[in-house]
Amino acid sequence: EPEVTQTPSHQVTQMGQEVILRCVPISNHLYFYWYRQILGQKVEFLVSFYNNEISEKSEIFDDQFSVERPDGSNFTLKIRSTKLEDSAMYFCASDTSSTDTQYFGPGTRLTVL
Amino acid sequence: AQSVTQLGSHVSVSEGALVLLRCNYSSSVPPYLFWYVQYPNQGLQLLLKYTSAATLVKGINGFEAEFKKSETSFHLTKPSAHMSDAAEYFCAVYGGSQGNLIFGKGTKLSVKP
C-alpha cells in the first residue's frame with residue numbers, strides 16, 4: 205500500500221541553524237500539508253500546498269518557514285533559523301483533493317538545542 | 013471557527029471491555045469529522061471519517077463512531093478492547109477551505125490485561 209515517507213526520523217540542530225525536513229507524498233496525490241506536534245500538545249496545522257503554491261497557512265507559519273516541491277516527488281519544509289520552540293514532531297500529509305482523506309507520514313522529530 | 017475537544021487525556025480499560033473515547037466539535041458549517049490513531053513511533057493513521065452520509069460510521073479494527081448533531085459529538089467506540097488498541101487517538105475536523113485538519117489534544121488509550 206502506498207505511504208507517505210519522511211526523512212530524517214530525528215534531527216538534532218543548534219539554535220539558529222537552518223533545517224530542511226523532507227517528505228515524499230503518495231505519488232498520485234495533489235495536496236500536501238505540514239503539521240507539527242509539540243510534545244504534550246495537539247497536532248497543529250502549518251501549511252497546505254497545491255499546484256506549486258501555498259494555498260493556506262496558519263499563524264505559526266511565519267517568515268522563518270518555507271515549503272517547496274523541488275521535483276516531482278519531494279515536498280520539503282525549511283526552517284531558516286531554528287528556535288528552541290521549534291522543537292516538535294513534524295508530520296507531512298497528502299491527499300488527492302482538499303476534502304479527501306489525508307495520509308500522514310511517520311513524522312520527523314526535530315530537537316533544537 | 014471549527015474546533016474539537018477531546019474529553020480525557022488518558023483512558024484505561026481492561027482487555028475485552030468497552031472502549032469509549034469522547035469528542036465534541038464546534039463548527040459553523042456541516043462538519044467533516046475524523047478519528048486518527050497514532051501507535052508509538054508511527055504516524056497518524058485514519059480510523060474512520062464522517063462526511064455527512066450515514067451518522068454511524070464504521071472504521072478499521074472494529075472501531076465505529078456516531079455523529080450526533082444535537083449533542084455536537086462524534087464519540088469513538090469499540091465493543092471489546094484488545095491489547096493492540098493501546099495507542100493515542102485524535103479527533104479532527106476540517107478547518108479551512110483547503111482542507112487543513114484541526115485536531116483535538118488526543119486521548120491515550122491503555123489496555124490492561
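Listed in order, the protein sequences are those of chains A and B. If you read the first sequence in this note's numbering, its first letter stands for residue 205, the second for the next number, and so on. If you read the second sequence in this note's numbering, its first letter stands for residue 13, the second for the next number, and so on. We put the beta carbon where it would ideally sit given N, CA and C, even for glycine.
Is the beta carbon of residue j closer than 8 Å to that of residue i?
i, j, result
"residue 106 (chain B)", "residue 43 (chain B)", "yes"
"residue 78 (chain B)", "residue 70 (chain B)", "no"
"residue 48 (chain B)", "residue 104 (chain B)", "yes"
"residue 21 (chain B)", "residue 114 (chain B)", "no"
"residue 257 (chain A)", "residue 230 (chain A)", "no"
"residue 23 (chain B)", "residue 33 (chain B)", "yes"
"residue 236 (chain A)", "residue 250 (chain A)", "no"
"residue 278 (chain A)", "residue 313 (chain A)", "no"
"residue 239 (chain A)", "residue 248 (chain A)", "yes"
"residue 309 (chain A)", "residue 118 (chain B)", "no"
Could you have a look at residue i and say whether DSSP puts it in helix, strand or coil?
i, result
"residue 197 (chain A)", "Given that chain A is displayed from residue 205 to residue 317, the structure contains no residue 197 (chain A) and the question cannot be resolved."
"residue 299 (chain A)", "strand"
"residue 264 (chain A)", "coil"
"residue 242 (chain A)", "coil"
"residue 219 (chain A)", "coil"
"residue 92 (chain B)", "coil"
"residue 36 (chain B)", "strand"
"residue 26 (chain B)", "strand"
"residue 248 (chain A)", "strand"
So that I know if they touch, is there some Cβ in chain B lying closer than 8 Å to that of residue i?
i, result
"residue 305 (chain A)", "yes"
"residue 229 (chain A)", "no"
"residue 220 (chain A)", "no"
"residue 265 (chain A)", "no"
"residue 311 (chain A)", "yes"
Can you list the residues of chain A that residue i reaches, using a CB-CB cut of under 7 Å?
i, result
"residue 112 (chain B)", "237, 249, 252, 260"
"residue 102 (chain B)", "247"
Find the residues of chain A that neighbour residue i, judging by a C-beta separation of less than 8 Å, and give them in chain order.
i, result
"residue 117 (chain B)", "245, 246"
For residue i, which residues in chain A fall below 9 Å Cβ to Cβ?
i, result
"residue 61 (chain B)", "305"
Is there a Cβ of chain E sitting closer than 8 Å to that of residue i, yes or no?
i, result
"residue 56 (chain B)", "Any reference to chain E falls outside this structure, whose protein chains are A and B."
Under 8 Å, Cβ to Cβ, is there at least one residue of chain A near residue i?
i, result
"residue 107 (chain B)", "yes"
What does residue i touch in chain B if you count any residue whose Cβ is under 7 Å from its own?
i, result
"residue 308 (chain A)", "55, 56"
"residue 295 (chain A)", "55, 56"
Stretch pair the stretch 286 to 301 of chain A + the stretch 78 to 90 of chain B: three plus CB contacts closer than 8 Å: Using a Cβ-Cβ distance cut-off of 8 Å, the stretch 286 to 301 of chain A and the stretch 78 to 90 of chain B are not in contact, since fewer than three pairs of beta carbons, one from each stretch, lie closer than that value.
Check whether the stretch 209 to 225 of chain A touches the stretch 277 to 291 of chain A, taking contact to mean three or more Cβ pairs, one atom from each stretch, closer than 8 Å. Flag = yes, the stretch 209 to 225 of chain A and the stretch 277 to 291 of chain A touch.
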